[in-house]
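These notes concern the structure reproduced below.
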Amino acid sequence: NRVTVALIPGPWMFEVLEFWIREDRVKGPYIDAEIPMKKEIYPENVGGAYHALRLPVLEYLRGVKRQAAVITVIEIFPGWIPLGVWRFRELARRALQQEPKVFNDLEQLVKNLVASTGRYVEKALRRSSVLSFLRKQSTLKI
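Below is the structure:
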């Protein structure tokens, strides 16, 4: 199984895109997100994995003294044995220890996410609340 974490400079936002990969099809995306000005609700689509992924991301950001918009992609492959959401937490911690890839803009990030995962992620990213929010935001150029 694979967890991919994308950190994007900006205000705190968090989104999880979950996919169950099977031999004949992909189930998902199951998506939950928290973005500014959106009423907080329990992440009913991803469930406990949402918080299991959120914790190591927040620990990492606290350690580097930054905030970020975060998109996390979970890919669950055949043979997954459901032993608890702690496995997602540890996969996210491992992902955050890797050497980061740096992109100049959101579109490069999206292309890389699709290339490193699958075409199914491209369709899901079109529905991403975090990407939609960031694309609509204007910033001051200083």
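According to this note's numbering, the sequence shown holds residues 7 to 148 in order.
From the three backbone atoms N, C-alpha and C, an ideal C-beta is built for every residue, glycine too.
- Put simply, the backbone Cα of Asp111 is about 13 Å away from that of Ala75.
- If you draw a straight line from the Cα of Gln103 to the Cα of Val9, it comes to about 12 Å.
- In this model, Arg95 and Lys142 are separated by some 31 Å (Cα to Cα).
- In the DSSP annotation of this structure, Trp92 is not part of any beta strand (DSSP E); the continuous alpha helix (DSSP H) holding it starts and ends at Trp92 to Gln103.
- In the three-state reduction of the DSSP assignment, Gly34 falls in the strand class, which pools E and B.
- Going by DSSP, Arg8 is part of the beta strand (DSSP E) stretching over Arg8 to Pro15.
- Counting along the chain, the unbroken beta strand (DSSP E) around Leu23 starts and ends at Met19 to Ile27.
- The three-state reading of DSSP puts Val76 in strand, counting E and B together.
- DSSP, read as helix, strand or coil, puts Glu113 in helix.
- If you check the CB distance, Ser135 and Ile41 come in under 9 Å.
- Annotated three-state conformation of Glu50 is coil, per DSSP.
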